[in-house]
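Chemist: So the sequence shown is numbered by my numbering: it starts at 10 and just counts up by one. Idealized CB from N, CA, C, for every residue including glycine. Note that this is a predicted model, so its numbers are computed, not measured.
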Amino acid sequence: MGPTVAARTGPRPRNGPPYAGGVSNDGSRTLEGTPNPEAPNPQLPIVQKLRLRYAKRGRMRFTSHRDFARAFERAIRRAGLPIGHSSGYTPHPKISYAGASPTGAASEAEFAEIGLTRAMAPAEVRDALDAALPDGLDVVDVVVSPGGALADLLEASRWSIELPEVFPEAARAAVEAFLARDEVLVERMMKRGLRTFDCRAAVVRLDVDDRTGAQGCAILDVVVRHDTPSVRPDDVITGLRTLCGLPIEKAPLATRSSQGPLDVRTGTVGDPLATGRDAP
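(1) Indicate the three-state DSSP secondary structure (helix, strand or coil) for D144 in the structure shown.
(2) Since P281 and L162 are thought to touch, with beta carbons under 8 Å apart, how far apart are those beta carbons, to the nearest angstrom?
(3) Between V278 and S166, how many whole angstroms is the CB-CB distance? I'm expecting something under 8 Å.
(4) Mapping the DSSP letters down to three states, classify F120 as helix, strand or coil.
(5) If you draw a straight line from the alpha carbon of T112 to that of T264, how long is it in whole angstroms?
(6) According to DSSP, is D272 part of a helix, a strand, or is it coil?
(7) Only counting runs of 3 or more residues, tell me where the beta strand (DSSP E) segments fall wholly within the segment 51-106, in order along the chain.
(8) Taking only the alpha-carbon atoms, compute the straight-line gap between A64 and L142 and give it to the nearest angstrom.
(9) According to DSSP, simplified to helix, strand and coil, what is T277?
(10) For a test of the three-state rule: what should DSSP assign to F187, helix, strand or coil?
(11) Could you have a look at V193 and say whether DSSP puts it in helix, strand or coil?
(12) Can the beta-carbon of L146 be found closer than 9 Å to that of M198?
(13) Is the beta carbon of L255 closer than 9 Å to that of L316?
(14) For R241, does the count of other Cβ atoms within 10 angstroms reach 16, so buried, or fall short, so exposed?
(15) Bridge partners of F206, per DSSP?
(16) With a Cβ-Cβ cutoff of 9 Å, do V153 and Q57 count as a contact?
(17) Are C208 and T247 close, meaning C-beta to C-beta below 9 Å?
(18) In terms of residue numbering, what span does the beta strand (DSSP E) encompassing L215 cover?
(19) Just the Cα atoms here: how many angstroms apart are R181 and D218?
(20) Just to confirm the assignment, what range does the beta strand (DSSP E) spanning V231 have?
(21) Determine the contact status of A128 and V151, defining contact as a CB-CB distance below 9 Å.
(22) Can you tell which of V212, P177 and A179 has the C-alpha that lies nearest to the C-alpha of V193?
(23) For P290, report the span of its beta strand (DSSP E) as first-last.
(24) State the DSSP-derived secondary structure class of T247, mapped to helix, strand or coil.
(25) Assuming L8 contacts L215 under a Cβ cut-off of 8 Å, what Cβ separation, rounded to an integer in Å, is found between them?
(26) Bridge partners of T264, per DSSP?
Following this line, the structure appears as structure tokens:
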């Protein structure tokens, strides 16, 4: 009879089987795919996924996405929501974000998806989270997820950009020059250094808003397709200023009014939560 071989207790080899010792790599699942009761921090299964639309208003426009994520997790704990967590040694709350706006931009259309271990009424979740978040970070809508990837529904954004001390006539002339170009190259500092890219192709629509007053403040209405690299409002402003001669001295104020599926024919942005809201 051969020598007894001790069971492996450490991590599986790099090229080893996915379920060494009958459990998954992080110990959270058995060979049958069920939760491992002996795993560190075993978690309850997710029984409901909810999609949320939230807004960044006022001074909260300067909140980074990382800052918001921390505030959102604290709000979930304060509200007592049965949020699901990943299993393993470092469990994380089941929260996913999609299409976050850049720091400095206000938004009425930010989106996230959460997984709950107990089903709740969407309106109850909305009210509890909204009460637990700081003023200026507001939960606007919550619906049951119909499935699929939320990010796939976010094809474009509509932005309103206020240009202080810029007269409407000057803005219209620059917009006409911008739209007449086949390509508008701008530069932006990214993680890998300075990058030059075309911001014209992503602009589906660009107008001077009819609400623009005569007090030296033009308002742009912009619909931007979510391409790679992502074209932001400040990229459009850079193109208008450097290539189209628009005199911009003060910092523009950008607000995202909507984000969702793009109707290419009309240039409008739809509601990504509509299917969840219409579900029984």
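Modeler: Looking at the atomic coordinates:
(1) Here residue 144 refers to the residue found at position 135 when the sequence shown is read from its first residue. If DSSP states are grouped into helix, strand and coil, D144 belongs with coil.
(2) Indexing the sequence shown from 1 puts residue 281 at position 272. Indexing the sequence shown from 1 puts residue 162 at position 153. Right, their Cβ atoms sit about 4 Å apart.
(3) Taking the sequence shown and counting its residues from 1, the one referred to as residue 278 is at position 269. Taking the sequence shown and counting its residues from 1, the one referred to as residue 166 is at position 157. Contact holds; Cβ gap of about 7 Å.
(4) Residue numbering aside, residue 120 sits at position 111 when the sequence shown is read from its first letter. The answer is strand: DSSP assigns F120 an E or B state.
(5) One-based indexing of the sequence shown puts residue 112 at position 103. One-based indexing of the sequence shown puts residue 264 at position 255. T112 and T264: Cα-Cα distance of roughly 11 Å.
(6) Along the sequence shown, read from residue 1 onward, the residue named residue 272 stands at position 263. Looking at D272 - three-state DSSP - the assignment turns out to be strand.
(7) 57-65
(8) Taking the first residue of the sequence shown as position 1, residue 64 is located at position 55. Taking the first residue of the sequence shown as position 1, residue 142 is located at position 133. A64 and L142: Cα-Cα distance of roughly 11 Å.
(9) As a working note, residue 277 is residue 268 in the sequence shown. In this structure, T277 counts as strand in the three-state DSSP scheme.
(10) Counted from its first residue, the sequence shown places residue 187 at position 178. If DSSP states are grouped into helix, strand and coil, F187 belongs with the helices.
(11) To locate residue 193, count along the sequence shown from 1; it is residue 184. Three-state result, V193: coil.
(12) Against the sequence shown, residue 146 aligns to sequence position 137. Against the sequence shown, residue 198 aligns to sequence position 189. No, the Cβ-Cβ distance between L146 and M198 is not below 9 Å.
(13) The chain is shown from 10 up to 289; residue 316 falls before or after that span and cannot be answered.
(14) On the sequence shown, position 232 is the one that residue 241 refers to. Classification of R241: buried, given that the 10 Å Cβ count is 16 or more.
(15) Sequence index remark: in the sequence shown, residue 206 carries index 197 (1-based). Answer is V195.
(16) For the purposes of this step, residue 153 is taken as the residue at position 144 of the sequence shown. For the purposes of this step, residue 57 is taken as the residue at position 48 of the sequence shown. Going by C-beta atoms, V153 is nearer than 9 Å to Q57.
(17) In the sequence shown, the residue the question calls residue 208 occupies position 199. In the sequence shown, the residue the question calls residue 247 occupies position 238. Taking 9 Å as the Cβ cut-off, C208 and T247 qualify as a contacting pair.
(18) For this step, residue 215 is matched to residue 206 along the sequence shown. Here the beta strand (DSSP E) through L215 covers V212 to V217.
(19) One-based indexing of the sequence shown puts residue 181 at position 172. One-based indexing of the sequence shown puts residue 218 at position 209. Spanning the two alpha carbons is a distance of roughly 10 Å.
(20) If you number the sequence shown from 1, residue 231 lands on position 222. Looking at the DSSP string, the run of the beta strand (DSSP E) that includes V231 is C226 to R234.
(21) The sequence position of residue 128 within the sequence shown is 119, counting from 1. The sequence position of residue 151 within the sequence shown is 142, counting from 1. Not a contact, by the Cβ cut-off of 9 Å.
(22) Stepping through the sequence shown from its first residue, residue 193 is reached at position 184. The shortest Cα separation from V193 among V212, P177 and A179 belongs to V212.
(23) Shown here, the chain extends from 10 to 289; a query on residue 290 therefore has no answer.
(24) Against the sequence shown, residue 247 aligns to sequence position 238. Helix, per DSSP.
(25) Since the first and last residues shown for the chain are 10 and 289, residue 8 lies out of range.
(26) If you number the sequence shown from 1, residue 264 lands on position 255. Its beta-bridge partners are A115 and S169.
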